[in-house]
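Here's the structure we're looking at; comments come further down.
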Amino acid sequence: MTETQLGAPPAEKDSTARPLRAWQRRALTKYLTQKPKDFLAVATPGAGKTVFGLRIAAELLSDRTIEAVTIVTPTEHLKHQWAASAAAAGIDIDSNFRNTTGVTSSDYNGVAVTYAQVAAHPTLHRVRTENRKTLVILDEIHHGGDAKSWGDAIREAFTPAVRRLALTGTPFRSDDSAIPFVTYEPDAGGFQRSKADHTYGYADALADGVVRPVVFLAYSGEASWRTSAGEEFTARLGEPLTAEQNARAWRTALDPAGEWIPAVLQAADTRLSQVRQHVPDAGGLVIATDQETARAYAKILERISGETPTLVLSDDPKASGRIKEFSETKERWIIAVRMVSEGVDVPRLAVGVYATSASTPLFFAQAIGRYVRARKKGETASVFLPSVPVLLELASELEAQRDHVLGKPHREKEGWEDELLAQANRTEDEPGEEEKAFTSLGASAELDQVIYDGNSFGTAVFSGSDEEQEYLGLPGLLEPDQVRALLRKRQEEQIADEKRRKPAKEEAPPPTARPQSVSERLGALRKELNALVGMYHHRTKKPHGAIHNELRRVCGGPVTAMATVEQLEERIVTLRSW
1 MTETQLGAPP AEKDSTARPL RAWQRRALTK YLTQKPKDFL AVATPGAGKT VFGLRIAAEL
61 LSDRTIEAVT IVTPTEHLKH QWAASAAAAG IDIDSNFRNT TGVTSSDYNG VAVTYAQVAA
121 HPTLHRVRTE NRKTLVILDE IHHGGDAKSW GDAIREAFTP AVRRLALTGT PFRSDDSAIP
181 FVTYEPDAGG FQRSKADHTY GYADALADGV VRPVVFLAYS GEASWRTSAG EEFTARLGEP
241 LTAEQNARAW RTALDPAGEW IPAVLQAADT RLSQVRQHVP DAGGLVIATD QETARAYAKI
301 LERISGETPT LVLSDDPKAS GRIKEFSETK ERWIIAVRMV SEGVDVPRLA VGVYATSAST
361 PLFFAQAIGR YVRARKKGET ASVFLPSVPV LLELASELEA QRDHVLGKPH REKEGWEDEL
421 LAQANRTEDE PGEEEKAFTS LGASAELDQV IYDGNSFGTA VFSGSDEEQE YLGLPGLLEP
481 DQVRALLRKR QEEQIADEKR RKPAKEEAPP PTARPQSVSE RLGALRKELN ALVGMYHHRT
541 KKPHGAIHNE LRRVCGGPVT AMATVEQLEE RIVTLRSW
């Protein structure tokens, strides 16, 4: 066994000498003090879980607590990404280790493997773990419950480990598959809830300036489709619909042959150009549902931007190389079918288009995590998404902390179907039977609302209008408070413009008054509520978010973006009485 394996890394690469973020220092102190066999660190995407994990490895290699490191990841790409980061920290990791070989050079400090690789031959990995004092780093540990065979294999392979460090940014699942090596404790309801040893959430990271604030631009529009029986339907994204209607309106909007996607991609490219005035290498990511639509989106974006986007497909053997190359260039756009997901590090991504039908909290959190990695003070992220209830709720509750709960009765479907998460991890990327059950006829697009810090701003404006440009033209470098103030100012100006446009003789009611649509009524009530909240803030100095939360506590109901007409009216009446 070489000295490199047992001793500290070379001085010039010694990661134990490198400065850490405050949360990493706190977690490291807790770890080194307690010396636990198992440790679960939950940190929001972009916070630096990889750096923390490698620092633990360096400390344990340095004091000879361990002799080897095994890093387990969900994907092949992440194996190589971990190995590259480890090399920069002076820890040599073999990310090309194969079960068929079963051994690696003694020059390496350890290996990086995937969960599937461990599941394919758990006995091999158990023997390797038994033969040397090993630290096992389980990256995105929630994947350990993806399949019973995976969970069993991970327990079989790594029970003999001297130390196990579990890392995740999303410590929850929408099923009852227990996550290996994670502690569960009974909660107030008597259900088993996962317990982290250290937690660093998005709200904490945002306050510390570790991650970027995210502005969500939700686009609605009229969607039309024809069923296999020949019936034609038209519905508006965001309005109350049945689950089937909502799913079909959503998929119709995402159809590259319609008007919605080109309009949203145009808006996103305009936003990217604005951001690049302040951040010249800022890039954009479109997350697509399948390979066919991804290729169609690429052609649309090429026409819009004048540049050929990087296209990354999940079955492309060169996918990892394409992602790495994109991260090191100043190219504008990358379009991916799931490859750019959890843990993939492209810090320059600042604009996103969520053009996929996946809607579980787990998938959404992983996707949004691609845009929040801060590089310098004042950077913001802008994510364009369909104005559908499940996504609006997830966007409004971005800061929510979630744990994995076992045995929860009547487990609600997260989004349309929990099965969508499993579908999103399959290799096949072609449309399925549901897409063939109807034919998209087209969908228009308009900016419905802007969601930031849990609050809704603005009123519905047409795609390509001057009002839309006001929101797309937000400066690329802004502090969180400046984002909030500017959005509020834009909204106030929008409301004032609408009032000025009203004809002077409006006192006389028109002979035939058209009844307001649900969208118009919701938009008007959101504006009125936000205006009242602003007035109450100036009077009491309470934060806007706190006022909205208090209204929800008193009146009940979901966040503003999800509230019904009746719920909004009740909040307005309540706030007027305060």
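For the sequence shown, the UniProt record's numbering gives the first residue as 1, with consecutive numbering after it. All C-beta atoms in this analysis are idealised placements derived from N, C-alpha and C, irrespective of residue type, glycine included. On a predicted model such as this, the values are computed, not experimentally measured, just so you know.
Closest Cα partner of residue i within the set the options
i, options, result
"Pro309", "Thr329, Pro317, Ala41", "Thr329"
"Arg236", "Arg295, Ala443, Tyr31, Glu467", "Ala443"
"Glu76", "Phe191, Leu441, Ala116", "Ala116"
"Asp453", "Ile547, Pro386, Phe438", "Ile547"
"Gln449", "Ala437, Phe462, Thr439, Phe438", "Phe462"
"Gly523", "Arg163, Arg539, Gln81, Gln491", "Gln491"
"Ile287", "Asp94, Ala161, Ala355, Arg26", "Ala355"
"Val312", "Trp82, Ala196, Glu493, Leu285", "Leu285"
"Ala68", "Ile91, Val353, Ala205", "Ile91"
"Phe107", "Thr100, Thr101, Asp94, Val113", "The displayed chain sequence assigns Asp, not Phe, to residue 107. For Asp107, the nearest C-alpha among the options comes from Asp94."
"Arg373", "Leu206, Asp197, Arg488, Thr574", "Leu206"
"Ala437", "Ala247, Pro280, Thr293", "Ala247"
"Ile66", "Ala365, Ala445, Ala161, Trp260", "Ala161"
"Ser220", "Thr564, Asn549, Leu551, Glu520", "Glu520"
"Leu362", "Ser105, Thr114, Asn109, His143", "His143"
"Thr360", "Lys376, Thr199, Ala395, Gly556", "Ala395"
"Arg484", "Arg163, Asn455, Asp497", "Asn455"
"Arg375", "Asp466, Glu550, Pro280, Tyr297", "Pro280"
"Gln482", "Thr560, Ala229, Arg212", "Arg212"
"Asp197", "Ala350, Ala229, Arg164", "Arg164"
"Trp225", "Gly209, Val210, Gln245", "Gln245"
"Ala178", "Glu325, Glu470, Arg155, Arg276", "Arg155"
Beta-carbon gap between residue i and residue j smaller than 8 Å
i, j, result
"Trp333", "Gly283", "yes"
"Lys79", "Thr70", "no"
"Ala120", "Ile141", "no"
"Leu486", "Leu478", "yes"
"Leu60", "Leu135", "yes"
"Gln24", "Gly46", "no"
"Val214", "Val390", "no"
"Pro475", "His278", "yes"
"Pro122", "Ala157", "yes"
"Leu529", "Arg576", "no"
"Ile323", "Val346", "yes"
"Ser440", "Arg251", "yes"
"Leu124", "Ala86", "no"
"Leu254", "Ser357", "yes"
"Glu351", "Val264", "The sequence given here places Val at residue 351; Glu does not occur at that position. Against a cut-off of 8 Å, the Cβ pair of Val264 and Val351 comes out as no contact."
"Thr104", "Val111", "yes"
"Glu468", "Ala267", "yes"
"Ala365", "Thr170", "yes"
"Ile261", "Ile300", "yes"
Cβ-based burial, residue i [other Cβ within 10 Å; buried from 16]
i, result
"Ala57", "buried"
"Trp416", "Residue placement at Trp416 is poorly supported in this model, since its pLDDT is 34, which falls under 50; the coordinates still yield a value, given next. It is buried - the Cβ of Trp416 has at least 16 other Cβ atoms within 10 Å."
"Ala422", "Because Ala422 carries a pLDDT of 40, less than 50, the predicted location of this residue cannot be relied on, and the following value inherits that uncertainty. Classification for Ala422: exposed."
"Lys505", "For Lys505, the pLDDT reaches just 42, beneath the cut-off of 50, and the residue's location in the model is therefore unreliable, leaving the point undetermined."
"Asp290", "buried"
"Gln567", "buried"
"Pro256", "buried"
"Lys527", "buried"
"Glu419", "Bear in mind that a pLDDT of 42 at Glu419, under 50, signals an unreliable position, so the number given afterwards is only what the model happens to contain. By the neighbour-count rule (16 or more Cβ atoms within 10 Å), Glu419 is not buried but exposed."
"Ser149", "exposed"
"Val554", "exposed"
"Gln34", "exposed"
"Glu130", "exposed"
"Leu241", "buried"
"Val573", "exposed"
"Trp578", "exposed"
"Ala243", "exposed"
"Gln81", "buried"
"Pro19", "exposed"
"Gly230", "exposed"
Nearest-angstrom beta carbon gap, residue j and residue i [assumed within contact, 8 Å]
i, j, result
"Glu393", "Met562", "5 Å"
"Leu385", "Ala218", "6 Å"
"Arg348", "Ser327", "7 Å"
"Ile451", "Phe216", "4 Å"
"Glu239", "Val518", "5 Å"
"Glu259", "Ala445", "6 Å"
"Leu398", "Tyr536", "Rounded, the Cβ-Cβ distance is 24 Å, inconsistent with contact."
CB contact check: residue i to chain D, cutoff 8 Å
i, result
"Val162", "Structure shown: chain D not included; a single protein chain is present."
Residue i Cβ short of 7 Å to the ligand PLP heavy atom set
i, result
"Gly556", "Questions concerning the ligand PLP fall outside what the structure shown contains, since it holds no ligand whatsoever."
Handout entry: Any 3 or more C-beta pairs closer than 8 Å across the segment 38–46 and the segment 178–188
Key = yes
Handout entry: the segment 263–275 / the segment 358–374 touching (three or more Cβ pairs under 8 Å)
Key = no
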